[in-house]
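Enquirer: Per the working numbering, the sequence shown starts with residue -12, numbered consecutively. This is the structure I want to talk about, given as structure tokens.
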Amino acid sequence: MPMDKCLALVGCGKAGLSLALALKSAGWEVAGCLSRTPESTERGAQWLASKVLGSLGHIPQEATLVLGIPEAAFADVDRQIASEDPHLKGRVILHLSGSLPSRALEICRLRGASVGSFHPIMTLPDPLTGARGLRSATFAIEGRPAAVQVMRAMAQTLSGKFFTLSPRGKTLYHAAAVVASNHILTLLADSQDLLVKAGVAPSAAHEAFQALAAGTVENFYAAGAVAAITGPVERGDGRTVKNHLQALKRWPKELERYRIMAMGALDLARLKHPDRQGAYDALAKLLAEWQSR
Ligand SMILES: NC(=O)c1ccc[n+]([C@@H]2O[C@H](COP(=O)([O-])OP(=O)(O)OC[C@H]3O[C@@H](n4cnc5c(N)ncnc54)[C@H](OP(=O)(O)O)[C@@H]3O)[C@@H](O)[C@H]2O)c1
């Protein structure tokens, strides 16, 4: 069982170097690294003060193989490792992608490797910042039992925060992460944009709702969405919601996003106030009437 706390890195980019650096400074051994180009391999070896692996055939038997490669390279690298690694059977091989399951390394798996996906839920812009961030990151873990054991040990070494996913849940997990980051950003951008349309100076509009947005996020994490929901939808205030829809009608995209989000708020409000279903039914009707106007 490769619990030697020893890894080899293939793909010396932002994520791979961040992880290898963080683990190395916490006592793991980095047996060597290899990347696409000699320049990138050399740079990786310098960051990690480790050996350059001559080829995929030179990965030490006891090392966990960490793949810090882009998603587009998975098929090629999977095939290459399967044909060149003499110690493939029993080897733990981990990739760092949030969107792909461990099955993305299917050829290696079929030839006896224990594959896993180890996704740090953290942005890793460069090795130093990334290594620091990983000490407080949460990790999403999915894969074969031996790989899961190694990933748990890695997460324990770094932050102690992790959860495991089934292979079938991996894509949905990634969609959830996109909602929590990209979609929240889209809504904040909408909000800022509408504020400017309302006549607020762009410089002021950027900061105007900072405390409101931060407070909402804080309330969500403290008490959950149902407890945190407030506002005209929650109050069943159809007149105000109708005024909003009318004010937004010159901007069809923003109007549609407002309408869809209001329907989501309505679902939460229904859970919070089971006694207000009449008012909420009227709101649902109003929102449906404004679809694609
Ligand atoms: N960066 C993040 O914030 C972050 C966070 C979580 C997860 N991830 C995941 O980490 C993985 C890598 O992302 P990244 O941001 O680190 O990308 P990146 O900075 O572009 O690094 C990718 C590295 O892979 C190397 N590479 C490309 N094709 C290869 C091949 N065929 N064989 C060996 N090495 C190869 C590249 O080498 P060259 O430099 O020579 O092209 C580069 O060093 C992705 O799965 C990504 O989803 C990234």
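We treat Cβ as the ideally placed atom computed from N, Cα and C, and that holds for glycine.
1) In whole angstroms, what separates the C-alpha of D(-9) from that of A50?
2) Please go through the segment 139 to 171 and give each complete alpha helix (DSSP H) segment of 4 or more residues, from N-terminal end onward.
3) Can you list, in chain order, the residues of its chain whose CB lies under 6 Å from that of V137, leaving out five sequence neighbours each side?
4) Would A269 and G225 qualify as a contact pair, given that the criterion is a beta-carbon distance under 8 Å?
5) Assuming A7 and V39 make a contact with CB atoms under 8 Å, what is their CB distance in whole Å?
6) According to DSSP, is V39 part of a helix, a strand, or is it coil?
7) With C-beta atoms as the reference, is T158 less than 8 Å away from E129?
8) What would DSSP say about A18, mapped onto helix, strand or coil?
9) For H82, count neighbouring C-beta atoms within 10 Å of its own C-beta (all shown protein chains included) and say buried if the count is 16 or more, exposed if not.
10) Run through the DSSP bridge pairs and tell me what H82 is partnered with.
11) Compare the beta carbon distance of L145 and A124 with 8 Å and say whether it is the shorter of the two.
12) Let me know the secondary structure DSSP gives F126 once reduced to three states.
13) What is the DSSP secondary structure of C95, counted as helix, strand or coil?
14) Look at the Cβ atom of V282, then the Cβ atom of I56, and state whether they are nearer than 8 Å.
15) Near P(-11), which residues of its chain fall below 6 Å by C-beta distance, leaving aside the five closest residues on each side in sequence?
16) Is V(-3) near ligand 1, with its Cβ less than 7 Å from a heavy atom?
17) Grouping DSSP H, G and I as helix and E and B as strand, with all else coil, what is D(-3)?
18) Does DSSP classify Q48 as helix, strand or coil?
19) With a threshold of 6 Å on Cβ separation, who are the neighbours of S101 within its own chain once the five nearest residues in sequence on each side are excluded?
20) Pop quiz: L253 and L242 are said to be a contact at Cβ under 8 Å. What is the actual Cβ separation, rounded to whole angstroms?
21) Can you check which of these residues, E58, A60, V64, is closest to L43 by C-alpha distance?
22) Could you please give the first and the last residue of the uninterrupted alpha helix (DSSP H) stretch that includes Q233?
23) Assign M109 to one of three DSSP states: helix, strand, or coil.
24) Specify the secondary structure class of K272 as computed by DSSP and reduced to three states.
25) Return helix, strand or coil for R244, following the three-state DSSP convention.
26) Measure the CB-CB distance between G211 and Y267 and report whether it falls below 8 Å.
27) With H, G and I counted as helix, E and B as strand and the rest as coil, what does DSSP make of M(-12)?
28) Nearest to Y245 by CA position, among Q264, R257, A214, K229, is which residue?
29) Buried or exposed, going by whether 16 or more other CB atoms sit within 10 Å of the CB of D72?
Expert: On the basis of the data shown:
1) Counted from its first residue, the sequence shown places residue -9 at position 4. Counted from its first residue, the sequence shown places residue 50 at position 63. When the Cα atoms are used, D(-9) and A50 turn out to be separated by approximately 7 Å.
2) 157 to 165
3) Residue numbering aside, residue 137 sits at position 150 when the sequence shown is read from its first letter. The answer, listed in chain order, is T51, V79.
4) Position 282 of the sequence shown, counted from the first residue, corresponds to residue 269. Position 238 of the sequence shown, counted from the first residue, corresponds to residue 225. Cβ atoms of A269 and G225: closer than 8 Å.
5) For the purposes of this step, residue 7 is identified with residue 20 of the sequence shown, where counting begins at 1. For the purposes of this step, residue 39 is identified with residue 52 of the sequence shown, where counting begins at 1. Not really, about 14 Å apart at Cβ, beyond 8 Å.
6) To locate residue 39, count along the sequence shown from 1; it is residue 52. It is a strand residue.
7) Within the sequence shown, residue 158 is the residue found at index 171, counting from 1. Within the sequence shown, residue 129 is the residue found at index 142, counting from 1. Cβ atoms of T158 and E129: not closer than 8 Å.
8) Within the sequence shown, numbered from 1, the residue matching residue 18 stands at position 31. Of the three classes helix, strand and coil, the one that applies to A18 here is strand, per DSSP.
9) For this step, residue 82 is matched to residue 95 along the sequence shown. Flag for H82 reads buried.
10) Walking along the sequence shown from the start, residue 82 turns up at place 95. According to DSSP, H82 bridges with L54, S104.
11) By one-based count along the sequence shown, residue 145 stands at place 158. By one-based count along the sequence shown, residue 124 stands at place 137. Their beta carbons are under 8 Å apart, which means L145 touches A124 by this criterion.
12) Residue mapping note: residue 126 aligns to position 139 of the sequence shown, counting from 1. If DSSP states are grouped into helix, strand and coil, F126 belongs with the strands.
13) Residue 95 sits at position 108 when you count from the first residue of the sequence shown. It is helical.
14) No statement about residue 282 is possible, as the shown extent of the chain runs from -12 to 280 and does not include it.
15) Your numbering for residue -11 matches position 2 in the sequence shown. Any reading at P(-11) must be qualified, since the residue scores a pLDDT of 44, below 50, and its modelled position is unreliable; the value itself is stated next. E49, T51, V79, listed in sequence order.
16) Residue numbering aside, residue -3 sits at position 10 when the sequence shown is read from its first letter. Indeed, a heavy atom of ligand 1 lies less than 7 Å from the Cβ.
17) The residue given as residue -3 occupies position 10 in the sequence shown. What sits at residue -3 in the sequence shown is Val, not Asp. Reduced to three states, the DSSP call for V(-3) is strand.
18) The residue labelled residue 48 in the question sits at position 61 within the sequence shown. Three-state result, Q48: coil.
19) Position 114 of the sequence shown, counted from the first residue, corresponds to residue 101. Cβ neighbours of S101 beyond the five flanking positions: V79, R131, A133, A134.
20) Within the sequence shown, numbered from 1, the residue matching residue 253 stands at position 266. Within the sequence shown, numbered from 1, the residue matching residue 242 stands at position 255. 16 Å between Cβ atoms; not a contact.
21) Indexing the sequence shown from 1 puts residue 43 at position 56. Checking every option, the nearest Cα to that of L43 belongs to V64.
22) As a position in the sequence shown, residue 233 is number 246, starting the count at 1. Unbroken alpha helix (DSSP H) run through Q233: 225 to 235.
23) For the purposes of this step, residue 109 is identified with residue 122 of the sequence shown, where counting begins at 1. Correct three-state label for M109: coil.
24) Residue 272 sits at position 285 when you count from the first residue of the sequence shown. In this structure, K272 counts as helix in the three-state DSSP scheme.
25) For the purposes of this step, residue 244 is taken as the residue at position 257 of the sequence shown. Residue state for R244 is assigned as helix, using DSSP reduced to three classes.
26) Translated into the one-based positions of the sequence shown, residue 211 becomes position 224. Translated into the one-based positions of the sequence shown, residue 267 becomes position 280. Not closer than 8 Å, so no.
27) The residue labelled residue -12 in the question sits at position 1 within the sequence shown. Note that M(-12) has pLDDT 42, beneath the 50 cutoff, so the model's placement of it is unreliable and the number below is only indicative. Three-state result, M(-12): coil.
28) Locating residue 245 in the sequence shown gives position 258, counting from the first residue. Nearest of Q264, R257, A214, K229 to Y245, Cα basis: K229.
29) As a first step, residue 72 must be located in the sequence shown, where it is residue number 85. Buried, since its Cβ has 16 or more Cβ neighbours within 10 Å.
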